[in-house]
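Add 55 to a position in the sequence shown, counting from 1, and you land on the number used in my numbering. From the three backbone atoms N, C-alpha and C, an ideal C-beta is built for every residue, glycine too. Okay, so here's the structure we're looking at.
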Amino acid sequence: MNQKNPILELSGVTKYFGGLAAVNDVSLSVSEGEIVGIIGPNGAGKTTVFNLVSSVYKLTHGTVKFNNEDITNLKPHRVAAKGLVRTFQANVLFKDFTVLENILVGCQLQVETSMFMDLFNFRTVRAQREKIHAVADNIMEFVGLKNYRDELAQNLAHGHQRMLGIGIAMASHPQLIMLDEPVSGMNNEEKSEMMTLIRKIRDRGITVLLVEHDMRVVMGLCDRVAVLNFGTKIAEGVPEEIQNNASVIEAYLGADD
Ligand SMILES: Nc1ncnc2c1ncn2[C@@H]1O[C@H](COP(=O)(O)OP(=O)(O)O)[C@@H](O)[C@H]1O
Ligand SMILES: [Mg+2]
């Protein structure tokens, strides 16, 4: 692939829960504009890697660099403010908010500081509000939810709820977005729509790091794939290399999941 600058670099990333290494000495570099997948059996440590990069958990050892800056164990909201944003494995939405309101919550992260500075300038506040609504409209269009703008999140179909989760993440203007099992629970049509959306995200210049079980989706979408097994990275390469790697087949691909 295109050899661009590394945007995210994990070095020796390790996490112990009690005596158990959930993630063990994992190094991984993600280049700007790539779609990189992390696969592996249940319990391999995939979600924990996301939780370490986004600082939900503290690393036991190792470092995480984003745009060449050490962000290891920074507060989660500060990681997000730098442009490194994640979605969760399960839907995390404000279920009794509308689609628009959910997106506006996502936008909030971006504007809070400037809003406070302008608190006593009402003209600026109104202009800000119009600007934010324009951004929200753009995002609803982008994730295909424009026609559901005033629908409560809880009334959306599962696939649309996952799209909304991505819309919320997009609202904070990420440079890199981490997606945890974006097509879980989806039917084939929804999966294809999600794959199209993920490609559109990348085409906007946003780097994508995703965890996914569905091999058709992983192999069809990713430029590179890393494989975790018992917390350790056992392989990394382009999809064809991974599909033909003997230890990967033994650990994972051979077994019916
Ligand atoms: N908060 C936690 N406390 C204790 N153990 C955890 C915690 N989170 C994850 N684990 C353990 O770490 C291992 C990796 O889990 P996880 O990263 O969720 O795997 P995956 O996403 O690959 O299925 C599992 O053994 C899991 O039980
Ligand atoms: Mg997981």
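Other residues of its chain near Ser-66: CB distance less than 7 Å, five sequence neighbours each side excluded:
So the qualifying residues of the chain are Ser-82, Gly-117 and Thr-118.
Going by the beta-carbon positions, is the gap between Arg-204 and Ile-90 smaller than 8 Å?
Taking 8 Å as the Cβ cut-off, Arg-204 and Ile-90 do not qualify as a contacting pair.
Given this structure, state the Cα-to-Cα distance separating Thr-251 from Asn-242, to the nearest angstrom.
Each residue's alpha carbon lies about 14 Å from the other.
For Asn-79, I'd like the list of residues in its chain whose CB is within less than 7 Å of its CB, leaving aside the five on either flank, ordered along the chain.
If you ignore the 5 residues before and after Asn-79, its C-beta comes within less than 7 Å of the C-beta of Thr-69, Gly-286 and Thr-287, all in its own chain and listed in chain order.
Give the DSSP-derived three-state secondary structure of His-116 in the structure shown.
Three-state DSSP puts His-116 in a strand.
Using a Cβ-Cβ cutoff of less than 6 Å, which residues in the same chain neighbour Leu-159 once the five nearest sequence positions on both sides are dropped?
Annotation for Leu-159: Ala-191 place their beta carbon closer than 6 Å to its own, counting only its chain and skipping 5 residues before and after.
May I ask you to check if the CB of Asp-80 is nearer than 7 Å to at least one heavy atom of ligand 2?
False, no ligand heavy atom lies under 7 Å from that Cβ.
Residue burial classification, Met-56 (beta-carbon count within 10 angstroms, cutoff 16)
Note that Met-56 has pLDDT 47, beneath the 50 cutoff, so the model's placement of it is unreliable and no number is given.
Please go through the same chain and pick out, in chain order, the residues whose beta-carbon is closer than 7 Å to the beta-carbon of Phe-72, but skip the five residues on each side of it.
For Phe-72, where only same-chain residues beyond five positions count, there are no Cβ hits under 7 Å.
Let me know the secondary structure DSSP gives Arg-259 once reduced to three states.
If DSSP states are grouped into helix, strand and coil, Arg-259 belongs with coil.
Go to Gly-275, then tell me how far its alpha helix (DSSP H) extends in each direction, as first and last residue.
Residues 270-276.
Considering only heavy atoms of ligand 2, does any lie closer than 7 Å to the CB of Lys-101?
Within the cutoff, so yes.
In its own chain, which residues sit with a C-beta less than 8 Å from the C-beta of Asn-300, not counting the 5 before and 5 after it?
Listed in chain order, the non-local C-beta contacts of Asn-300 below 8 Å within the same chain comprise Val-282, Ala-290 and Gly-292, local neighbours out to five positions each way being set aside.
Does the beta-carbon distance from Gly-222 to Gly-138 come in below 8 Å?
Taking 8 Å as the cut-off, the Cβ atoms of Gly-222 and Gly-138 do not count as close.
Less than 7 Å separating the Cβ of Gly-240 from some heavy atom of ligand 1?
Answer for Gly-240: no, Cβ out of range of ligand 1.
Excluding the 5 residues flanking Ile-194 on each side, which residues of the same chain have their C-beta closer than 7 Å to its C-beta?
Within the same chain, Ile-194 has close Cβ partners Ile-158, Gly-222, Met-225 and Ala-226.
What does the alpha-carbon distance come out to for the pair Asn-202 and Asn-210?
Rounded to whole angstroms, Asn-202 to Asn-210 spans 13 Å at the Cα level.
Report all residues from its chain with a CB closer than 6 Å to the CB of Ala-77; omit the five preceding and five following residues, and keep chain order.
Close CB contacts of Ala-77 within its chain, under the 6 Å cut and outside five residues either way in sequence, are with Lys-70, Gly-100, Thr-103 and Gly-286 (chain order).
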